[in-house]
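Chemist: After the structure tokens below, expect a handful of questions from me.
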Amino acid sequence: MNANSETPLIEMRKIDKAFGPVRALSGVDFRLGAGEILGLVGDNSAGKSTLMKVLTGAYRRDGGEILVAGEAVDFASPRDSRERGIEMIYQDFALCGNMDVGQNIFLGRWPRRFGVFVDRARMYGDAARVLDRLKVDVNSVHAKVESLSGGRQQSVAIARALSFEPKVVIFDEPTANLSVMATAKLLETMAELKRQGVAQVIISHRLTDIFEVGDRVMVLKRGVNAGERRIKDTTEKDVLELIVAGAA
Amino acid sequence: MSAASTEAGTIPAALKAPAELWGGWEAGLLLLMAGLYLAGALVNPAFFGTTDAFAAVLRDASRFGVMAVGMTFVIVNRELDLSVGSTLGLVSTVFSVAYAPSHADAGIAIALAVCIGAGLLVGFVNGILVTVLRVPAFIATLSTLFIGRGLVLGLSGGNTIAFGQKAAADPWFFRLGETNAAGFNNQIVIFVIVALVGAVALGKTRAGYETAAVGGNEQAARYAGISTTRARIRSYVLSALAATLAGLMNVAQDKGITSQNGQGAELIVIAAVIVGGASISGGRGRVLGSCLGAVLTVLIDKVLREGVPITRMVDVGGVQMEIGAVAQLPPGAVPAFLGLLLVGAVLIEPWATAGGLGRLRAWLMRAPLPLLAPRGDAAALAARTRTASALERTHSATGPIAAFLARRDAAAILLTIALWLVGFVLRPDFWAGLDNSFAMLTAFTEIGILSVGLTFVIAAGDIDLSVGSVLALAAAVSAFCLKELELAPIAAVSLALLAGLACGIVNGTLATRFRLPSFVATLSTFYIARGLAAWLVAGRQLSGFPSGFTLMGRSLAEVLTALGAQPGKGWWASFASAVSVQTLFLLILACGAAIVLARTHWGQMVYATGGNERAAGYAGIDTRRVRFLSLVASSLCAACAGIIYAAYLRSFNPAAGQLRELDAIASVIVGGGSIFGGHGTILGSLAGAAAITLIRALLSLQILLPSGGSYVLPQHWMNVFIGSILILAVIADIWLRQEHIVSRAITALRRGSRPRDAR
């Protein structure tokens, strides 16, 4: 991969973020190439989620700059970053269990007909197409989300993210609530997304998962860059040492 | 602390106890009470100037104080007990029925034992409903409230029971309610003892600490090994026992009962505890504060009820005469102020405990403002968190039973058909006839209109307890405008709708802007709206409205006749005399609402908000607006029902819409709505309303016995059934549809011991 020579898809430079007296991030650099899978790892309170929330606009940064495809951006809310093709999948999936798969995929932006009505035919058709593209085994777009297993609920959350045609998908602890089988299935899905050219950031504690599908791993420690490695050039032990010791 | 602060002449900060510890709140209450009492004495020296009055305030405060001690435990547990007033009434009725020579004529010991048994039963029922059966506290205790009231009516037959003569035989008990040799009432002694025991139990014992821990963070308490179920049941039992004691104090004082005993007492008791500094979001509350709050609330109640002596000029046969009179609030208006007090206290409490009082003091003394502690909304939101559990479940329902259960309104539709058939079998001569059909359709219309609005609120994850009161307010406003102000019908209707709109805006603002749990917000509106309605119509005979107005409550045939197009014979004539204008209105309203809820963007936003408010917010839905507008829609529907009520009955009765909130909530829940939000359809709610109407009609049906006689269920027992139906519907919803406890058990049985598919 030659991400260094090209303009990266996302670049964050010298990001600072403080919550009151607590400095969550200080001068953090971040880079993500097109179609790349990056593992973002670090101890608790290392600033992983904060960094990604700064990227999506959920938090406002105190300093530094964010470039998307080389262009400086300033997101005020996740809605702004969504327009530039950045999607985040939350740890608890943020779905409405009482609604069906199709309704959840288009949550809040159900296709309209005559201005006020929901175009159900189009909604379920489009939902089926997104699920198909994802190659996941959610049987019916009419199934209620609360009746699905954790892994399938996550598939719905991913499908929902994909329906925005994103260039980047950020997974927050994606395997934390999944069984072993569902985790394997998720890793397949991630590889499939990569084939379709979607860049992904995986915030995770589980190095095994990142080593299976990731291209690169970036380590944060107490809000500063602690180093990064290419997956093919490193070992889990090496990364673990970075997380604990923080040596560059 | 450093020398610098000593030089500045201030007390070192770390040595200063927080206001809560040295009782700043309680001191403020005492000051407020002294001021209020002085004001009362100034305005009405004839009453408040005497020591008798002081003793009377304390005596009446004693019963509420005792209940407030019990309620403190419940509220610190982050729950609510709306049933205390009805428990008081129930216990005093049970005592009277057992003891009175006109009834069972049992001995005092037996009567007392039965009372304590009844109190314990109520407490355990409440506790088990809330813990084991997972019913939200307000709906569980609201049901016990109505069931208790129904039992009071049923047991006493709505009559007054007195046993003054027999009471002389057991002076040791009845002296408890009388003035003692020292000149004050023995109830005050009981109150002080209960307050001390309660204060020690809550503040100094492990049980009290457990209560606070459960209210602060139930999960953490459970992880710490506390049996949270036991702690919560214990609080309900304590609350019910306190209400039992208050009920016994009541009979000891009055040596008899009326069926009104304890009505509305829950409002005073809850207001007392919140005014006393407890937090509606649990974990905080002190017995001492609650007791002071009880005295303050009773004092306010007394000041409001005792009139102001005035002189007024009366024209007697052309001669102006000056006569003494008393300017007084009409009966029924007082709850409006108590409701305001409750909502005021709930709003002020988080601000005050976050340091708001310190800021106020600093502002008054022109000192720099200290910062408010950043806690704010987390506490008030806590009441809404239980909805999220749906996502944690990894369970897939299969099989014909689950598929049947999947259609949430199926049960209500089947129930409606079955109930109608039961009626038809029992009274084939009468049931399907015109008169009965018209009566049932009319009754159905009122519940139906309320439940249409309520479906939006419940689907959006809130509750509206105020619909019955808003109905009464709108009816009172339209009656008042027509008769007192002699406005045109159209203006009266508009003003009544405006009153409903105002209630909806208040509900919505309190629930969304101030983030009160919706049951608290609408509970205050429940009292305020009914109090205002009573005030508006007090002492007036409001009937005989213009015919343009009353046509809204007539049957289609009468309207057509009035318009000069009398229907002829045949099915059209029967249809026109069975169907009224209001039924057609309901039909149009329901069709509109059904399309909005099921097919439009807005309806989807309602379901998303009720299903997972946070996820809906992430998806860009303005959930506060959705909830606000749903509450407004519900109040508007209630106002429509109120206008129709006045037009149909051609008069206003202050009891309008009483218990209707119960019918409407039960309709929505029976019809597939979930008390946790995210579910409910208009069709289902209407089917639910039909089922409730049919149950009411069946319960009042005269059954012809084979022997030739007939039997009618005494109407006093009706509320017991309606309350039981509500609670059964909620439990069935939670067990069958929310938690899938039953279908999961069936699945588990069928699978045997095979491990669940690990997906």
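If you read the sequences in order, they're chains A and B.
Residue numbering for the first sequence follows the working numbering, beginning at 4 and increasing consecutively.
Residue numbering for the second sequence follows the working numbering, beginning at 785 and increasing consecutively.
For every residue, glycine included, the Cβ atom is placed at its ideal position computed from N, Cα and C.
1) For B:I945, which three-state DSSP category applies?
2) Closest to B:A1275 by CA distance: which of B:C1265, B:M1224, B:G1401 is it?
3) Can you list, in chain order, the residues of its chain with a C-beta nearer than 7 Å to that of B:N1291? Leave out the 5 residues immediately preceding and following it.
4) Do the CB positions of B:G1284 and B:V1254 come within less than 8 Å of each other?
5) Sorted by chain position, which residues of the same chain lie with C-beta nearer than 8 Å to B:S1364's C-beta, five sequence neighbours on each side aside?
6) Going by DSSP in three states, A:T237 sits in which element: helix, strand or coil?
7) Buried or exposed for B:D1099, please, with buried defined as at least 16 other CB atoms from any protein chain shown within 10 angstroms of its CB.
8) So, B:L1088 versus B:V1118, is the Cβ gap smaller than 8 Å?
9) Quick check: does the Cβ of A:V220 come within less than 7 Å of any heavy atom belonging to the ligand ADP?
10) Ignoring anything shorter than 4 residues, give me the alpha helix (DSSP H) runs that lie fully in the segment 1475-1535 of chain B, in order along the chain.
11) Relative to the alpha-carbon of A:E74, which residue among A:I13, A:A162, A:N142 has its alpha-carbon at the smallest distance?
12) Out of curiosity, what's the CA-to-CA distance linking B:L929 and B:Y1402?
13) Output needed for A:D19: all residues of its chain with C-beta closer than 7 Å, excluding positions within five of it in sequence on either side, in chain order.
14) Under 8 Å between beta-carbons, which chain A residues line up against B:G1462? List them in chain order, please.
15) Could one say the Cβ of B:I1405 lies closer than 8 Å to chain A's Cβ atoms, at least one of them?
16) Within the continuous alpha helix (DSSP H) that includes B:Q1388, where are the two ends?
17) So which residues of chain A does B:G948 contact, with C-beta pairs closer than 9 Å?
18) If I measure Cβ to Cβ from B:F1121 and keep anything under 6 Å in the same chain, skipping five residues before and after, which residues do I get?
19) Would you please verify whether the beta carbon of A:V119 is less than 8 Å from any beta carbon of chain B?
20) Whole alpha helix (DSSP H) runs in the segment 1064-1128 of chain B with 4 or more residues, listed along the chain?
21) Under 9 Å Cβ-Cβ, which residues of chain C neighbour B:Q1003?
22) Can you name the residues of chain B whose CB is closer than 8 Å to the CB of A:R132?
23) Within the same chain, show all residues whose beta-carbon is closer than 8 Å to that of B:A1360, passing over the 5 residues directly before and after it, in chain order.
24) Three-state secondary structure (DSSP) at B:P1158?
25) With distance defined between alpha-carbon atoms, name the residue in B:I1132, B:Y1007, B:V868, B:V1236 nearest to B:E1445.
26) Give a yes or no on whether the minimum CB-CB distance between A:R115 and chain B is below 8 Å.
27) What ranges does the alpha helix (DSSP H) occupy inside the segment 115-178 of chain A, keeping only unbroken runs of at least 4 residues that lie completely in it?
28) Could you give the distance in angstroms between the alpha-carbon of A:E149 and the alpha-carbon of A:S80?
29) Does the CB of A:R82 have a neighbour CB from chain B at under 8 Å?
30) Are the C-beta atoms of B:T1384 and some chain A residue less than 8 Å apart?
31) Please state the DSSP three-state secondary structure of B:N910.
32) How close, in whole Å, do the beta carbons of B:A893 and B:Y883 come, if the pair is a contact with beta carbons under 8 Å?
33) In terms of residues, what are the limits of the alpha helix (DSSP H) holding B:K988?
34) Closer than 8 Å, CB to CB, is B:Y1391 near chain A or not?
35) Identify whether A:S80 lies in helix, strand or coil by the three-state DSSP scheme.
36) In chain A, which residues lie less than 8 Å from B:R1398 when you measure between Cβ atoms?
Modeler: Let's see:
1) Locating residue 945 of chain B in the second sequence gives position 161, where the first residue counts as 1. In the structure shown, the three-state DSSP call for B:I945 is strand.
2) Against the second sequence, residue 1275 of chain B aligns to sequence position 491. That would be B:C1265, whose Cα lies nearest to the Cα of B:A1275.
3) The residue labelled residue 1291 of chain B in the question sits at position 507 within the second sequence. Result list for B:N1291: D1248, S1250, A1305, T1306, T1309, L1415, S1419, in chain order.
4) As a working mapping, residue 1284 of chain B is identified with position 500 in the second sequence. As a working mapping, residue 1254 of chain B is identified with position 470 in the second sequence. Cβ atoms of B:G1284 and B:V1254: closer than 8 Å.
5) Counting from one through the second sequence, the residue named residue 1364 of chain B turns up at place 580. Answer for B:S1364: F1222, L1225, T1226, T1229, G1337, R1338, S1339, L1340, Y1432, listed in chain order.
6) The sequence position of residue 237 of chain A within the first sequence is 234, counting from 1. In the structure shown, A:T237 sits in coil (DSSP, three-state: anything other than H, G, I, E or B).
7) As a working mapping, residue 1099 of chain B is identified with position 315 in the second sequence. With fewer than 16 Cβ atoms within 10 Å of its Cβ, B:D1099 is classed as exposed.
8) Here residue 1088 of chain B refers to the residue found at position 304 of the second sequence. Here residue 1118 of chain B refers to the residue found at position 334 of the second sequence. A contact, by the Cβ cut-off of 8 Å.
9) What this structure holds is no ligand at all, so the ligand ADP is not there to describe.
10) 1502-1516, 1525-1535
11) The residue given as residue 74 of chain A occupies position 71 in the first sequence. Nearest C-alpha to A:E74: A:I13.
12) Walking along the second sequence from the start, residue 929 of chain B turns up at place 145. Walking along the second sequence from the start, residue 1402 of chain B turns up at place 618. Rounded to the nearest angstrom, the two C-alpha atoms are 39 Å apart.
13) Here residue 19 of chain A refers to the residue found at position 16 when the first sequence is read from its first residue. These residues qualify, in order along the chain: L28, S29, G30, R64, D65, G66, G67.
14) Within the second sequence, residue 1462 of chain B is the residue found at index 678, counting from 1. Per Cβ cutoff of 8 Å: C99, G100, N101, M102.
15) Stepping through the second sequence from its first residue, residue 1405 of chain B is reached at position 621. Yes, contact with chain A.
16) Residue 1388 of chain B sits at position 604 when you count from the first residue of the second sequence. Note, B:Q1388: alpha helix (DSSP H), 1385-1395.
17) Within the second sequence, numbered from 1, the residue matching residue 948 of chain B stands at position 164. Here the premise fails: no neighbours, minimum Cβ distance about 58 Å.
18) The sequence position of residue 1121 of chain B within the second sequence is 337, counting from 1. Cβ neighbours of B:F1121 beyond the five flanking positions: L1088.
19) Residue mapping note: residue 119 of chain A aligns to position 116 of the first sequence, counting from 1. Yes, A:V119 counts as interfacial toward chain B.
20) 1071-1089
21) You won't find chain C in this structure, because its protein chains are A and B.
22) To locate residue 132 of chain A, count along the first sequence from 1; it is residue 129. By Cβ distance, chain B contributes nothing, its closest Cβ being about 20 Å from A:R132, past 8 Å.
23) As a position in the second sequence, residue 1360 of chain B is number 576, starting the count at 1. Cβ neighbours of B:A1360 beyond the five flanking positions: S1339, L1340, A1341, L1344, P1351.
24) Along the second sequence, one-based indexing puts residue 1158 of chain B at 374. With a pLDDT of 43 at B:P1158, under the threshold of 50, the predicted position of this residue should be treated as unreliable, and no value is reported.
25) Here residue 1445 of chain B refers to the residue found at position 661 when the second sequence is read from its first residue. Out of B:I1132, B:Y1007, B:V868, B:V1236, the CA that lies nearest to the CA of B:E1445 is found in B:V1236.
26) Taking the first residue of the first sequence as 1, we reach residue 115 of chain A at position 112. Yes, because at least one Cβ of chain B sits closer than 8 Å to the Cβ of A:R115.
27) 123-137, 153-165
28) Mapped onto the first sequence, residue 149 of chain A falls at position 146. Mapped onto the first sequence, residue 80 of chain A falls at position 77. Roughly 28 Å between the two C-alpha positions.
29) Taking the first residue of the first sequence as 1, we reach residue 82 of chain A at position 79. Yes, A:R82 counts as interfacial toward chain B.
30) Working through the second sequence from its first residue, we reach residue 1384 of chain B at position 600. So, interface residue.
31) Start at 1 with the first residue of the second sequence, and residue 910 of chain B comes out as number 126. Helix, per DSSP.
32) On the second sequence, residue 893 of chain B is found 109 positions in, with the first residue counted as 1. On the second sequence, residue 883 of chain B is found 99 positions in, with the first residue counted as 1. Incorrect: roughly 10 Å between the Cβ atoms, too far for contact.
33) Translated into positions along the second sequence, residue 988 of chain B becomes position 204. Where B:K988 is concerned, the enclosing alpha helix (DSSP H) stretches over 970-988.
34) Residue 1391 of chain B sits at position 607 when you count from the first residue of the second sequence. Yes, B:Y1391 counts as interfacial toward chain A.
35) Looking up residue 80 of chain A in the first sequence gives position 77. It is coil, neither helix nor strand.
36) In the second sequence, the residue the question calls residue 1398 of chain B occupies position 614. Those within 8 Å of B:R1398 in chain A are A97.
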